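The structure appears below as structure tokens.
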Amino acid sequence: MADDPDWLTWPQAAELVGCPISTIEHHARTGRITRRPGQGRRSGSLNRESVEEFAAWWREHTAGLQERRQHREDRRIRPPEPQGWIPATGAAERLGYAHSDHVVYLARQGRLEGRKVNGRWWVREAEVEAYREDRDRWISWLDAAQLVGCSHETIRRAVADGRIEKRVVHRAQASLSRASVERFAENRRR
7 MADDPDWLTW
17 PQAAELVGCP
27 ISTIEHHART
37 GRITRRPGQG
47 RRSGSLNRES
57 VEEFAAWWRE
67 HTAGLQERRQ
77 HREDRRIRPP
87 EPQGWIPATG
97 AAERLGYAHS
107 DHVVYLARQG
117 RLEGRKVNGR
127 WWVREAEVEA
137 YREDRDRWIS
147 WLDAAQLVGC
157 SHETIRRAVA
167 DGRIEKRVVH
177 RAQASLSRAS
187 VERFAENRRR
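Take 7 as the starting number for the sequence shown in my numbering and just add one per residue.
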């Protein structure tokens, strides 16, 4: 078998075609590749000519599959409109989130304009930038205390005295103005 150039082993055929051995086995069973049975413990061999014909067919077949797959992917990832939209994964990267789930949550809550097109979420790029800028303008009480280098109680007193600007929002959101905290920190250093 190994010394007969007209016959190939299964691994040799798989290497020649550029596919897994299981694909060769399947097409040998269906008759697309000519095989001869083995004797004793030896496995059968495959006719080189039929393997080469199969290799040509396999290249055409897989090229067509690849083209169709690429066409489907191109169609699938098209934004709602030609300009101004980015995928939720891209928005998550820009906002510093590990996953796009939070961006989708923001879109569903109406805080970002978003649309689901063919199973993929898209959000307006300008709104992502505006959201990021607005988010960066506000910091949490803990971050404010770390920025100033003081206790939480000192921050609370500064807010009560009006030296740090506070907005009324849900407790999970940052509520202290970064600019006013930075001014407060600068005044404390003097």
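Note that CB positions come from ideal geometry on N, CA and C, so glycine has one too.
Quick caveat, the model's predicted, so the values are computed rather than measured.
If distances are taken between C-alpha atoms only, which option among I161, L71, G50 and C25 comes closest to T15?
G50
A164 burial status per 10 Å Cβ neighbour count (16 or more: buried): buried
Who pairs with N53 in a beta bridge, going by DSSP?
Residue pairing for N53: DSSP places it in a beta bridge opposite W13.
Of all the alpha helix (DSSP H) runs that stay within the bounds of the region 97 to 170, which reach a length of 4 or more residues?
107 to 114, 131 to 142, 147 to 154 and 158 to 167
Next item on the list: State yes or no: is the C-beta of R184 within less than 8 angstroms of the C-beta of V154?
Entry: no
Legend entry - Proximity to W147 [Cα-Cα], best of H158, Y137 and R141: H158
- Task: Give the single residue among Q76, V175 and L182 whose Cα lies nearest to the Cα of A151.
- Result: Ranking Q76, V175 and L182 by Cα distance to A151 puts L182 first.
Subject >> Contact under 8 angstroms by Cβ, A136 with G90 >> reply: no
Query - Proximity winner among G125, A69, L118 and T95, relative to R141 (alpha-carbon distances) - result: L118
Nearest to I30 by CA position, among H77, L52 and I145, is which residue?
-> Between I30 and the set H77, L52 and I145, the nearest pair of CA atoms involves L52.
* To do: Have a look at the DSSP bridge pairing and note the partners of S183.
  => W144
Spatial neighbours of P26 in its chain, beta-carbon cut-off 8 angstroms, leaving aside the 5 residues before and after: The beta carbon of P26 lies closer than 8 angstroms to those of A20 in the same chain, with the five residues before and after it left out.
What's the call for S28, buried or exposed, on a 16-neighbour Cβ count within 10 Å? exposed
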